[in-house]
Structure formats: structure tokens, C-alpha cells
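Just so you know, we're using our numbering here: the sequence shown kicks off at 123 and counts up by one.
C-beta: ideal position from N, C-alpha, C; glycine also.
For clarity, every value in this text was computed on a predicted model and none was experimentally measured.
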Amino acid sequence: MRKTPAPDPVMADDRRRTDRACSRFAVALQLNEPEKSRRIMVEMVLSENSK
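Spelled out as C-alpha cells, the structure:
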């Protein structure tokens with residue numbers, strides 16, 4: 123029986139941060155706030171690129 127590797131805490135934290143940003147983005151879209159959703163999108167892209 124193979125043991126699964128322990129989840130990387132940094133990756134998990136990263137994923138949580140991305141999930142939060144995605145839900146904020148979805149809310150901004152629903153509220154029809156293009157400026158806010160654009161800012162969140164830029165934030166997400168920049169954080170992805172800085173890895």
C-alpha cells in the first residue's frame with residue numbers, strides 16, 4: 123500500500139487564496155461592478171505570475 127504524500131501547506135494556502143479571489147470576482151461580476159472585477163482579475167493574474 124502506497125502512502126500518499128502529505129499536502130504541501132504552501133500549495134494549500136495558495137489554493138485557498140485563489141478560491142477566495144475567485145469568489146470575490148464572481149460576486150463583483152454579479153453586482154455588475156466591472157472596475158472591481160477587473161481589479162480582482164489583475165490581482166489574481168499577478169499573484170499567479172509571481173510564483
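- For Leu-168, the enclosing alpha helix (DSSP H) covers residues 156 to 171.
- For a cut-off of 8 Å, the C-beta gap from Met-133 to Phe-147 is around 21 Å, too long to register as a contact.
- Per the coordinates, the alpha-carbon of Asp-136 lies some 9 Å from the alpha-carbon of Ser-169.
- Ranked by how close their Cα comes to the Cα of Lys-158, the residues Ser-172, Ala-143, Asp-130 have Ala-143 in first place.
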